[in-house]
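In the working numbering, the protein residues as written are 6 to 998. Backbone N, C-alpha and C fix where the C-beta goes; we use that ideal spot for every residue, glycine too. Taking it in order: structure first as structure tokens, then the write-up.
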Amino acid sequence: MLPDEYRTIDFFTEDALPVPRVAPAEAELIAAEHLGVTARAQPLGSQQDANFLLRADDGTDATILKIANPAFGTVEIEAQDAAADLIASARPELRVATVLRRPDGSPWRTTVDTETGPAVARLLRYLPGGTLSGSRHLSPGTVAGMGTLVGKVSTALRDFRHPGLDRVLQWDPQYADRVVAKLAGHIDEPDRRTAVQAATAEAWAHVHKLAATLPVQAVHLDLTDDNLIRRPDSRPPMPDGIIDFGDVTSSWAVGELAVSLSSMLHHDGVEPHHVLPAVLAFHAVRPLSPEEADAVWPIVVLRAAVLVVSGRHQAAVDEDNGYATANLDHEWRIFEQATCLPLPVMIRLIRDAVAMAEVSAWTAQADAPVRPVLRDLLADDITLLDLSTDADSLDQGAWMDADTEARLVTSALADGGAAVATRYAHARLTGTPALSAVSAPTVPTGVDLWLGRDAVVQAPAAGKVLAAAPGHVELTYGTQRQMQTLSLSFPRTVQPLVTAGAMVRAGEDIAHLGSGASVHVALRDADGPAVPRLVRPEYAAGWLALTADPAPLLGLPADSDRTHDSELLDRRDAVFATVQGHYYANPPRIERGWRHHLLSTDGRSYLDIVNNVTPLGHAHPRVEQAVSRQLRRLNTNSRFHYASVVEFTERLAALLPDPLDTVFLVNSGSEAVDLGLRLAIGASGRHDVVALREAYHGWTYASDAVSTSLQDNPNALATRPSWVHTVDSPNSYRGRHRGPDAVRYAPEAVAVIDELASAGHPLGAFIGETFYGNAGGVALPDGYLAQVYAAVRRHGGLAVADEVQVGYGRLGHWFWGFEQQRVVPDIVCVAKAMGNGHPLGAVITSKAVADRYRDQGYFFSSTGGSPVSSVVGLTVLDTLRDEDLQGNAARVGGHLKSRLEALADRYGIIGAVHGSGLYVGLELVRDRVSLEPATEETAELCDRMLDLGVIVQPTGDHLNILKIKPPLCIDTTAADFFADMLDLALTQLGHSG
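This is the structure:
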């Protein structure tokens, strides 16, 4: 019996849809006898069809043999093929698994008999690259790529019409309530079954109200991670291919997006907020209507529920279907993630993301009350307690102390305040863990208030008491158009003066509170879900949209003067030269630091692994106090006579070996290198300079001229002035000479220096980092600088050591990088660590070299060596010594390096662990033999690490090395956290093994 040409499926008339039972040998026979293809058949998973990858022994292109479920009629198959052809034509940038056609244009298609009836078999185009299936974490770029692709498919199918679209599929969200009702009994666990049924009922009720306004069109309806094909060799995975048109039908257009979103939720580390880039990307291609934006997440929930019940049903009726049974766990995870937040929260989060919120979630406020909630308490009586990143009271790490809030409240009340109140929607640092892989709930949805005198809680307006119990009262009030619920929480020892169900008048007593009592005041939509006191920042826009600032109920002005981080970034881009880039595409707004932690305005603490500018740690109190004290007294230029510049330069010179005894003070590493080169050229009388390749020395004319890092300037080697000559980067890991052969670099550099002299261009200077910082902390080969320096000096030149990145104890075992090479430079350039974030640099040389500068004129730097700069420099040196930070670099750095080396044993992508102390580089490669740089993987890893609470960035000419150079105060706990998060991220990104 042939399948009915015009029959289409109605799921609700089918008992089950088991996959056609076709063995690989049978598939090979079908391909050969019916479709003219001789090949080996490899089974591919499917929920309801039988799919095989056909590979011929002669190496010709692979094809797909698809044997449709016998329940599907020919007209449905024709609709699928037509839809695929349409998308391929309308969107040529996408690869589409279209049906293969004979020379006459007819499809390679036939009908075959199966155990459950005749089925349509056809050949489809094979798309190489692999799917996005599996547990691998989906990075923001991949998620956005999925959203873009889905948007393109939706626009391509918008006007597609075909009789084969008239189907009733279990996957169509228009029938989700009926599917769950029919199949929920297959969920054996009562609690899970109840959860699925309840979620379905809530989501369906919401969608049902919107259904009449939702556009209906042809949809693929299965653009999931299983059916989106990654572009071959794309890193991170980027989808550009589409397979499996088996669910093509006519349904709500927005369901196309919702189906794709749901498939993201089972991936490692993916939460609901991680799918927002897909929503934005879809919206950019195919704009959502307000009604569709509101329907997205309810349909995600419906899809998740259908996946759970259908998976259980399929596993029951098709026990041999390994594909169906293998998916059960991740289908449940999809459901858990889809329902982990109240539906109204996600609806409003999506509204906010696509800028469709009626009122900004951050600016909604209570109307002025008929009576204030606290009788006889005026705004002037209330002290506002700031717990944000701007709060002076949280300096010196006070945000980390468990009793900080109580201490601040007690102090404010002791100063005579009648009450102390917190601020609505301002993230609180006091709830922030220093190290955490996920953000903490830091954004308040109400106001906390502590009383310094007795007070009466009264009804702000006429309303009804919803709940009344010791320590808690809820009442609802407002107009029929907008009812609000006021939640009041106070000590459980306080008995309310009202009862549940009672009507109250404006000003009626609710409770009497004694001095020292606290009360939490929150205002939410009357028909909304219960709202936690604190919510995570990623979801704050969704939660806050259900609430309002209760400050007006206390007589306080609502806080509407808030700058959104995205708005601030736009303002930066408008006026701050964009060549001065910023870390990350969507950077957190960092407004506070403490030791090795950086804190965002969202209340998230990040471990700082990249900041060698602050060796003592952020906001070190000794530096802050020294600067403040000096600014109260004097800050001028170094041509005035004062003690601090003398003391500082003496201390600095004492840290260097003879004959380096004379100091110039400047403001930065770029200035230091520029001056160092001028000193060398002036003292030698020669202008030619030799520099190492793959190095960065600064942005001034001279320091940029000798910078050869291709990442800092892709044309670096081609645009050097004629007086700059370069020699090979002595990189023993990925340079021309590797491992033991690295000893060849020095003789080759010496040969270049000799040849220049023979050609009449003897060197004035040789400049190089003494420990290859810009290349990721690669140590120079033993004896390299000794041989090169000797050659330079033999021809009358000077050796300039760039210690800007690696000097000042960062290497642990050596204070200066040149000590590792057992040499003494003629000129040392240093900066960064000198000022702990204050602009300070220095050049140290011999008196003889320094005096030759007078031949070029005189030297002056307005703020280099100013009283403040000098005091900062002294304080940094004192603290490095007193806190043994060089020793800490050796101890913690050694521990961290051993942890990283252990990771290298487990992850093939880690090619090498470079460095010493707390200047470490983790080099990532795609192949440990070819050393192909894993550039894109490194960028993706950095983004994932940020999400896990770690700030780390790439370096090197290929940007494939994690530069690990944290403040020198970092402890073992933080180092272990970094290694643990790196381990987790590498696993989540699929780099295991």
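Where the beta strand (DSSP E) through residue i begins and ends
{"i": "N56", "result": "55-60"}
{"i": "G674", "result": "No beta strand (DSSP E) contains G674, which is instead part of the alpha helix (DSSP H) from 674-689."}
{"i": "I914", "result": "Taken as a continuous stretch (DSSP letters only), I914 belongs to no beta strand (DSSP E), as it is neither H nor E."}
{"i": "P972", "result": "No beta strand (DSSP E) holds P972; DSSP gives it neither H nor E."}
{"i": "C834", "result": "832-835"}
{"i": "W599", "result": "595-599"}
{"i": "H800", "result": "Counting along the chain, H800 falls outside any beta strand (DSSP E), and DSSP gives it neither H nor E."}
{"i": "Q958", "result": "958-960"}
{"i": "S494", "result": "488-494"}
{"i": "T116", "result": "114-119"}
Test item: CB-CB of residue i and residue j under 7 Å
{"i": "A648", "j": "R857", "result": "no"}
{"i": "A806", "j": "T850", "result": "no"}
{"i": "Y816", "j": "V797", "result": "The sequence given here has Leu at residue 816, not Tyr. Contact flag unset, no."}
{"i": "Y794", "j": "V848", "result": "no"}
{"i": "L454", "j": "A424", "result": "yes"}
{"i": "D679", "j": "Y701", "result": "no"}
{"i": "G842", "j": "V499", "result": "no"}
{"i": "A442", "j": "G954", "result": "yes"}
{"i": "A979", "j": "H601", "result": "yes"}
{"i": "I14", "j": "R172", "result": "yes"}
{"i": "I832", "j": "A685", "result": "yes"}
{"i": "L307", "j": "A223", "result": "no"}
{"i": "Q463", "j": "G512", "result": "yes"}
{"i": "G274", "j": "A384", "result": "no"}
{"i": "V452", "j": "T427", "result": "yes"}
{"i": "T153", "j": "V290", "result": "yes"}
{"i": "A204", "j": "A310", "result": "yes"}
{"i": "V24", "j": "A73", "result": "no"}
{"i": "D245", "j": "D227", "result": "no"}
{"i": "L929", "j": "A939", "result": "yes"}
{"i": "R198", "j": "A186", "result": "no"}
First through last residue of the alpha helix (DSSP H) which encompasses residue i
{"i": "S571", "result": "570-580"}
{"i": "H288", "result": "281-290"}
{"i": "I758", "result": "750-763"}
{"i": "L551", "result": "No alpha helix (DSSP H) holds L551; DSSP gives it neither H nor E."}
{"i": "L266", "result": "259-269"}
{"i": "A648", "result": "648-659"}
Which of helix, strand or coil DSSP assigns to residue i
{"i": "D988", "result": "helix"}
{"i": "Y858", "result": "helix"}
{"i": "T330", "result": "helix"}
{"i": "H525", "result": "strand"}
{"i": "A473", "result": "strand"}
{"i": "S875", "result": "helix"}
{"i": "I614", "result": "coil"}
{"i": "F982", "result": "helix"}
{"i": "Q635", "result": "helix"}
{"i": "Y482", "result": "strand"}
{"i": "M6", "result": "Any reading at M6 is ruled out, since the residue's pLDDT is 36, under 50, leaving its predicted position unreliable."}
{"i": "E941", "result": "helix"}
{"i": "V359", "result": "coil"}
{"i": "E774", "result": "strand"}
{"i": "E928", "result": "strand"}
{"i": "A467", "result": "coil"}
{"i": "L124", "result": "First, the residue type needs correcting, since residue 124 is Ala and not Leu in the sequence shown. Residue state, collapsed to three classes: strand."}
{"i": "G135", "result": "coil"}
{"i": "T388", "result": "strand"}
Any C-beta of chain B under 7 Å from that of residue i
{"i": "G778", "result": "Judged by its chain identifiers, the structure shown contains no chain B, having just a single protein chain."}
Whole runs of the alpha helix (DSSP H) within the stretch 167-253, excluding any shorter than 4 residues: Those alpha helix (DSSP H) runs which fall completely within the stretch 167-253 and span 4+ residues are 181-188, 195-215.
Meets three-Cβ-pair contact criterion under 8 Å: the stretch 705-724 and the stretch 662-680: At 8 Å Cβ cutoff, the stretches touch.
Touching by the beta-carbon criterion (3+ pairs, under 8 Å), the stretch 196-214 and the stretch 149-164: As far as the Cβ criterion goes, the stretch 196-214 does not touch the stretch 149-164, which means the pair count is below three.
Minimum length 3: unbroken beta strand (DSSP E) runs contained in the stretch 393-432: Listed in chain order, they are 424-426.
The stretch 430-444 / the stretch 404-415 touching (three or more Cβ pairs under 8 Å): Under the 8 Å Cβ criterion, the stretch 430-444 counts as touching the stretch 404-415, having at least three qualifying pairs.
3 or more residues per run - each beta strand (DSSP E) lying fully within the stretch 9-69: Within the stretch 9-69, the complete beta strand (DSSP E) runs of at least 3 residues are 45-49, 55-60.
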